[in-house]
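Here's the structure, in C-alpha cells; my notes come after.
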Amino acid sequence: MVIVDLSDTAHQPAFRPDEALGAGIDGAQQGDIGRLLTAHNIAAMRSAGLRPLTYRLRTELGIQVWHWNPVGRWSDPARKQGYWISSDRLGPPIKLSWGYNLPRRGDTVDNANNVDYSRLTDGDKATFWKSNPYLDPTVLHDGETHPQWLIVRLNGAKPIDAAQIDWAEPYATHFEVQYWTGQTDYDGNGRWVTFPHGRVTQGKGGQSAIRLAETPVTTQWIRVLLESASGTAPAGSKDWRDRAGFAVREVAFGRERTDGSLDDAVVHAASHDGQTWAHVSSTDPWHRAIDRDKDLEQVGIDRIFANGLGNGLPIMMPTGLLFDTPENVEAELRYLMRRRYPMTRVELGEEPDGQYGVPADYGALYLSVLDRLKPIAPKIQFGGPSLQSAYSETTMLPETPGSWNRWFADYLKRRKRLHDIAFLSFEFYPFDDICGDIHAKLVEQDGMLREVMNRFAQDGFPAKTPKIISEYGFSAYSGRAMSEMPSALLMANIVGRWLSLGGETAYMFGYGPNVPSNQHEPCAGFGNMMLHQADENGQADKPMPSYFTARLLTNAWTVPGHGLHRLARTSIEGVPQAKVAAFSVVRPDHRLAVMLINRSPDQAYRFAIRTKAGTPIKGPAQVYGYGPAQYAWADLGAKSHPLRTEPPEHHATQAGPVELVVPADSIVVAVMPPG
8 MVIVDLSDTA HQPAFRPDEA LGAGIDGAQQ GDIGRLLTAH NIAAMRSAGL
58 RPLTYRLRTE LGIQVWHWNP VGRWSDPARK QGYWISSDRL GPPIKLSWGY
108 NLPRRGDTVD NANNVDYSRL TDGDKATFWK SNPYLDPTVL HDGETHPQWL
158 IVRLNGAKPI DAAQIDWAEP YATHFEVQYW TGQTDYDGNG RWVTFPHGRV
208 TQGKGGQSAI RLAETPVTTQ WIRVLLESAS GTAPAGSKDW RDRAGFAVRE
258 VAFGRERTDG SLDDAVVHAA SHDGQTWAHV SSTDPWHRAI DRDKDLEQVG
308 IDRIFANGLG NGLPIMMPTG LLFDTPENVE AELRYLMRRR YPMTRVELGE
358 EPDGQYGVPA DYGALYLSVL DRLKPIAPKI QFGGPSLQSA YSETTMLPET
408 PGSWNRWFAD YLKRRKRLHD IAFLSFEFYP FDDICGDIHA KLVEQDGMLR
458 EVMNRFAQDG FPAKTPKIIS EYGFSAYSGR AMSEMPSALL MANIVGRWLS
508 LGGETAYMFG YGPNVPSNQH EPCAGFGNMM LHQADENGQA DKPMPSYFTA
558 RLLTNAWTVP GHGLHRLART SIEGVPQAKV AAFSVVRPDH RLAVMLINRS
608 PDQAYRFAIR TKAGTPIKGP AQVYGYGPAQ YAWADLGAKS HPLRTEPPEH
658 HATQAGPVEL VVPADSIVVA VMPPG
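Using the numbering used here, read the sequence shown as starting at 8 and increasing by one per residue.
Below, the structure written as C-alpha cells:
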C-alpha cells in the first residue's frame, strides 16, 4: 500500500520545474563542441524537458587558467606570457574558449586529462613550481598566515636523513622539512613531524643542502612547510606577483653518503607516470601563449546563451578561481553583465576539495574575488564551491582534520562572512564501484542524500542556504550500469529524494549524445551517462533510459513550466527492504502525481493508493510505466547498444480506487485527483 499524506502539504518542500530539473554542458575534446551543438542535437537535448542549464568548467579540474574570451591581454605582451585578462569589450560572439596549462605547476596528477606533470620532480632546474601569489599574506590582509607547502610521496617507505632544495625567486626564509607518521595518506592518526634538524629560520635561497637527522627516519611522505617568504623577484621583474609566494625548482630527499653527496630517493622525470608523485598547496596562474591545451575546449560564452539550451532561463555560470586571476574573473562578469544575459547564480571555481588543498586558502580567494564581483553584479547570487563530494575529507592536513567543507565554513565564520555563500553546490556521483549487485547499490543510495543534508548542517551552513546538486549521475567512471535500467531508477530516485529533502535544484550530467566506454574495472562493462547514444557523426540517435526518465519527470510527474509543486509525504507498507521508493507531488493543476520506483530486479508489486486517513484515492488516472518491456541493453563491449528503446507505456484508468502494478526494474507515474 502507498500512503500519501495530503494533510500538511503547505509545510512540505516545494519546487518549480523550470528551476529544479536541469542539466549541464561541460568542456569537451577538440572538435566535439561543434559536433555537439548541432541543431539536431540541441533539439534532442531540449526535448527531454530539463530546462535550467549549468555551464561546467573543466579547466579548474585540469590545473588550467580559462581564457573565456580568446581576445585579451598579457601582463607581458611582448613575449605573450604572464597573467592573462580576457577582454570584457563586446565584439563578435565568443563561440569557443580554451584552457591553458600552468608551467609553474607542482602537482603530478590532476582531475581532468592528467597529461601534465610536476615541475618539482621533473629533473629540470630551469623549471619551477610557484605558489599562488594572490595567497600571499601581504595581498590578502585577512589576519591569517596562509603557509604554503609541497608534498612528495616516495615509492615506498625509505630511510631519510638529508634533503636538497633548489630554490627559485621568491624563496622561503622560514620553512620546515617534515615526515608523515601515518600508515597511509588517509590515516587519521597521522601527523607531520619536523625532522630533528628540519627547521630552517634563516633561509638564503639558492641550493639548500640540509642534514635532517643524525639517524635516518623511515617514511614515504615528506612535506616542506613554507612559512615566510623572501619577497624577492627575478632580476628585471616589474610585476608584484613575481615577488609574492614561494618558488622551488627541484627537491631531493634521501640518505647522505660518506662523501656528503645525496643518495636521492626521488625519481626525477618530466612525466606524470614516471616521476615521484608531488602535490602542492596552490599554483601560480602565470602561463604563456604556447601553453594552450589543444586537446580540450569549452563552449564559448555567447554560444551557450544563443543556442537555445538555456530555454531563455537564467544559466548558472562558472568562473575560475584556484587557477585564475581575480582580474580575469572580474572581466568575465563585466562581459556577462554587458551582454545582459539571463543569469542569477555564479559558481566561483569548481571542485576545490578535489584539489586537496587547504580550505582556508580557497575561502580567502573566494572572498577576495567576491569583493571584486559584487559591485559589478550586485543582484547576482555568488556561491559554490561545486564540491567534488559532499563527503570530502581533508588529506594529510592534521591541523584541519575531517570535513573539508566544515573548515571552509569555519574560515568564512572567522571572517564573519558565512552569509557570502549565497548557495551551496556539490556534485553527486554515489558509486565509485559500479560492479557487483547494482540493485543493492540503488537501495543503498537512499540514505546518502539525507546524510548530505545532515553533513551540511554539521559543517555549519544554515538550513536556509539553498543547496544545489551541480552535477549528478551514476559514477565518475563510465560503465554498463549507466546504460541499463538501473540508470533510470537512480535518476528518478536522486531527483525525487533531493527535492523531498528541500534541495533546490539538481542538474543532470550527460546531457549530450555519447558512446559506450569503460573507465573502471572490466567487470563494469561498457556504457555512459547520456540522454542519447550517438551515431558515427556524434549525433543523437537512440534514446537512453535517462532520456525517458527525464520525460517522465518533466512531463508526467510534474507540469512543465514555473508552477509551484508541493511534495506530499509518502510511505509504503508491505514491501521488504525498501525495494520501492515513492515520491508524490501536488501539482499546480490541482492533481496528485505519485512516482513509484521498483529497485527489485525480479519482483513486481501491486499497490493500492490511500490517504493518511486510509481513504482510497480514486481515478480517473493517467498512468505511465517505464521498464524492461520498453528498454533493453545489448552488452557487446564498445559496440554495446540498445536492443529496444521505446517510450513509457501510457494508459488511463476509470473512476474508482487507483491500484498500480509496478514491474521489476521499473518506474510508474500515476496522475490523478488528490482525493
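Note that the Cβ used here is the ideal one computed from N, Cα and C, for glycine as well.
Nearest by alpha-carbon distance to residue i: which of the options is it?
i, options, result
"Arg-617", "Asp-672, Arg-576, Tyr-633", "Arg-576"
"Gln-155", "Ser-289, Asp-542, Val-630, Phe-533", "Ser-289"
"Asn-162", "His-275, Asp-266, Leu-643, Glu-400", "His-275"
"Ile-229", "Gly-212, Val-287, Ile-70, Arg-264", "Val-287"
"Pro-473", "Met-455, Asp-427, Ile-441, Asp-12", "Asp-427"
"Gly-684", "Ser-524, Gln-540, Glu-528", "In the structure displayed, the chain extends from 8 to 682; residue 684 sits before or after that span and is not available."
"Arg-218", "Val-184, Lys-211, Asp-39, Leu-497", "Val-184"
"Thr-225", "Leu-372, Trp-293, Pro-166", "Pro-166"
"Asp-453", "Asn-412, Leu-355, Gln-584, Phe-430", "Gln-584"
"Ala-216", "Pro-203, Val-258, Asp-192", "Val-258"
"Asp-440", "Arg-424, Asp-417, Tyr-484, Phe-433", "Tyr-484"
"Ile-92", "Gly-205, Gln-388, Pro-292", "Pro-292"
"Tyr-348", "Leu-667, Gln-214, Leu-97", "Leu-97"
"Val-450", "Gly-370, Leu-559, Val-207, Arg-606", "Arg-606"
"Thr-191", "Asp-33, Arg-341, Ser-244, Thr-402", "Thr-402"
"Arg-613", "Val-72, His-648, Val-668, Met-324", "Val-668"
"Pro-595", "Thr-16, Leu-377, Met-8", "Thr-16"
"Leu-316", "Pro-623, Leu-68, Ala-677, Ala-46", "Ala-46"
Can you give me the C-alpha to C-alpha distance between residue i and residue j, rounded to a whole angstrom?
i, j, result
"Pro-77", "Pro-84", "14 Å"
"Glu-304", "Gln-171", "39 Å"
"Asn-196", "Gln-227", "15 Å"
"Thr-61", "Gly-29", "8 Å"
"Ser-410", "Asp-360", "10 Å"
"Ser-553", "Tyr-436", "15 Å"
"Pro-654", "Gly-532", "25 Å"
"Val-116", "Pro-110", "14 Å"
"Thr-709", "Gly-364", "Outside the displayed span of the chain (8 to 682) sits residue 709, for which this structure offers no information."
"Pro-680", "Asn-500", "23 Å"
"Met-498", "Met-602", "12 Å"
"Asp-149", "Arg-345", "32 Å"
"Ser-396", "Ala-639", "31 Å"
"Ser-507", "Ala-27", "12 Å"
"Gln-36", "Asp-300", "10 Å"
"Glu-528", "Gly-243", "53 Å"
"His-658", "Gln-637", "14 Å"
"Trp-505", "Gly-356", "23 Å"
"Trp-1", "Gln-71", "Nothing in the structure corresponds to residue 1, since the chain is present only between 8 and 682."
Taking the alpha helix (DSSP H) that residue i falls in, what are its first and last residues?
i, result
"Pro-144", "144-147"
"Arg-42", "39-43"
"Trp-505", "492-507"
"Pro-24", "24-27"
"Ser-375", "366-380"
"Ala-51", "46-53"
In the DSSP assignment, the beta strand (DSSP E) including residue i goes from what residue to what residue?
i, result
"Ile-555", "The residue asked about is misnamed: residue 555 is Phe in this sequence, not Ile. Run containing Phe-555: none in the beta strand (DSSP E); it sits in the alpha helix (DSSP H), 552-559."
"Tyr-631", "625-633"
"Met-683", "Outside the displayed span of the chain (8 to 682) sits residue 683, for which this structure offers no information."
"Trp-156", "155-167"
"Ile-383", "First-last for Ile-383: undefined, no H or E at that position."
"Asp-609", "From DSSP, Asp-609 is part of no beta strand (DSSP E); its letter is neither H nor E."
"Asn-108", "103-108"
"Tyr-62", "60-62"
"Phe-202", "199-207"
"Phe-590", "587-593"
With a threshold of 6 Å (Cβ to nearest heavy atom), would residue i be considered close to the ligand NAD?
i, result
"Gly-34", "With respect to the ligand NAD, the structure offers nothing, as it holds no ligand at all."
Considering only DSSP beta bridges, list what residue i is partnered with.
i, result
"Met-403", "Beta-bridge pairing links Met-403 to no other residue."
"Ala-35", "Glu-304"
"Ala-656", "Note that residue 656 corresponds to Glu in the displayed sequence, not to Ala. Answer is Gly-632, bridged to Glu-656."
"Tyr-479", "Phe-435, Met-515"
"Asp-173", "Gln-214, Glu-257"
"Ser-235", "His-181"
"Pro-649", "Trp-640"
"Asp-83", "Gln-88"
"Asn-521", "Gln-540"
"Gly-130", "Paired residues: none, contrary to the question."
"Glu-354", "Pro-325, Gly-390"
"Lys-474", "Leu-431"
Those runs of the alpha helix (DSSP H) which lie wholly inside the stretch 291-340 and span at least 4 residues: As for any alpha helix (DSSP H) of minimum length 4 sitting wholly inside the stretch 291-340, the runs are 308-313, ordered along the chain.
In chain order, each beta strand (DSSP E) run of at least 3 residues that lies wholly inside the stretch 415-454: Entirely contained in the stretch 415-454, the beta strand (DSSP E) runs reaching 3 residues are, in chain order, 431-435.
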